[in-house]
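All remarks here apply to the structure that follows.
Number of protein chains: 2
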Amino acid sequence: MKKNIPVLAKRSDCAISMALDTVGDKWSLIILRDLMFTGKRSYGELQSCEEKIATNILASRLTHLEENKIIRKQLDPADSRRSLYYLTEKGIQLVPVIIELMHWMSKHNPEASECASSAKSYEQDRVGLYEEIMERLRAEHLAI
Amino acid sequence: MKKNIPVLAKRSDCAISMALDTVGDKWSLIILRDLMFTGKRSYGELQSCEEKIATNILASRLTHLEENKIIRKQLDPADSRRSLYYLTEKGIQLVPVIIELMHWMSKHNPEASECASSAKSYEQDRVGLYEEIMERLRAEHLAI
DNA sequence: AATTTTACTTGCAAATTGCAAGTGTAAAAT
DNA sequence: ATTTTACACTTGCAATTTGCAAGTAAAATT
């Protein structure tokens, strides 16, 4: 029997609306940020985020992200109690969205801290920055 | 007395988290999409979106977007019952976020429809596409 | 064998969203 | 000039979603 994993109903065929139905909740992009930029991989690590996500919400969001093929869950060979969560190529392709959101907030609020670091700069070569980060993530997440 | 406009509490200083606290709800980017790509300006026009936003939610989101200086409300000189909503420069700078989100969904779900159109293509000159759209919006929204 | 660690689930309270009906003011019609 | 309509909301309540605290199950450690 399916449990109370709230599946957001599709509102329209518009790409933005559909994207928001998939990752437009309060927590999904926070989880993806941690997978992308902090090296966190397990449930417990993800739960220890600065924003204090509730354990049931984390579980429901991970299930939803996995159902939408944005992340992939894989048993940890070193400890079979735990699973590790990896980004899929679809998940990695959210990098530009997250970088743009991060940059927008930093630009308009000086106390906001950015967490991505790179050799390339946003100002000089924005698309190069996306690609550099995505390449690193492909090496860390897809090759396993 | 302040009414029940739910102000999302700040969760952390992370730029992504703060951006989500500002525009990361279910409706804000839908409203901004309509201001950007459909020419809608009034309350009634915004309410007639395909996704059927509830009237109280629209009111609360418009107030929140205005408080955060993402949109600006201005009396319609032609009809003083109504106000018109315009993007600010800060709001216009969300164009890359929306374009990337739209493109991401379209790429991974063929039935998603994109609403932005431009002379430049996403594949050939992504940053040029952002700039073209932002320039058009500056002409429509800031010069008034 | 007992304890701890890890990853959840469960039940209930609080907050948010959604719906339907109502209010106030300005414009338009009669 | 008075009534009617249009527009932009507000209000009350129901439904859904999120948040908190405690509990469970299975593998790892002692």
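Chains as they are written, first to last, in the numbering used here: chain A, 1 to 144; chain B, 1001 to 1144.
Here a beta-carbon is modelled for each residue, glycine too, at the ideal position from N, C-alpha and C.
Bear in mind the structure is a predicted one, so any value in this text is a computation, not a measurement.
Any C-beta of chain B under 9 Å from that of residue i
i	result
residue 134/A	no
residue 126/A	yes
residue 131/A	no
residue 93/A	yes
residue 8/A	yes
residue 40/A	no
residue 90/A	yes
Interface flag, residue i vs chain A, CB-CB below 9 Å
i	result
residue 1096/B	yes
residue 1141/B	no
residue 1024/B	yes
residue 1029/B	yes
residue 1138/B	no
residue 1033/B	yes
residue 1043/B	no
residue 1002/B	At residue 1002/B the pLDDT is 37, less than 50, meaning the model places this residue with poor confidence; the figure from the coordinates comes in the next sentence. By this cut-off, residue 1002/B is not an interface position.
Beta strand (DSSP E) segment containing residue i, residue limits
i	result
residue 1107/B	Segment 1095-1108 is the alpha helix (DSSP H) holding residue 1107/B; no beta strand (DSSP E) there.
residue 72/A	71-75
Span of the alpha helix (DSSP H) around residue i
i	result
residue 28/A	28-37
residue 1126/B	1126-1141
residue 1118/B	Note, residue 1118/B: premise wrong, no alpha helix (DSSP H); not H, not E.
residue 1084/B	Here residue 1084/B belongs to no alpha helix (DSSP H); instead the beta strand (DSSP E) covers 1083-1087.
residue 46/A	43-47
residue 1017/B	1015-1023
residue 145/A	For residue 145/A there is no data in the structure shown, the boundaries of chain A being 1 and 144.
Supposed contact pair residue j and residue i - C-beta distance, whole angstroms, cut 8 Å
i	j	result
residue 1075/B	residue 16/A	29 Å between Cβ atoms; not a contact.
residue 14/A	residue 1113/B	6 Å
residue 118/A	residue 140/A	Between residue 140/A and residue 118/A the Cβ distance is about 15 Å, and since that is not below 8 Å, they are no contact.
residue 62/A	residue 85/A	7 Å
residue 134/A	residue 97/A	Rounded, the Cβ-Cβ distance is 12 Å, inconsistent with contact.
Against chain A: residues of the region 1010-1022 of chain B by CB proximity under 9 Å: 1011, 1012, 1013, 1014, 1015, 1016, 1017, 1018, 1019, 1020, 1021, 1022
Positions along the region 101-120 of chain A whose CB lies within less than 8 Å of some CB in chain B: 101, 102, 103, 104, 105, 106, 107, 108, 109, 111, 112, 113, 114, 115
Residues from the region 47-62 of chain A in contact with chain B, defined by Cβ distance under 8 Å: 50, 51, 52
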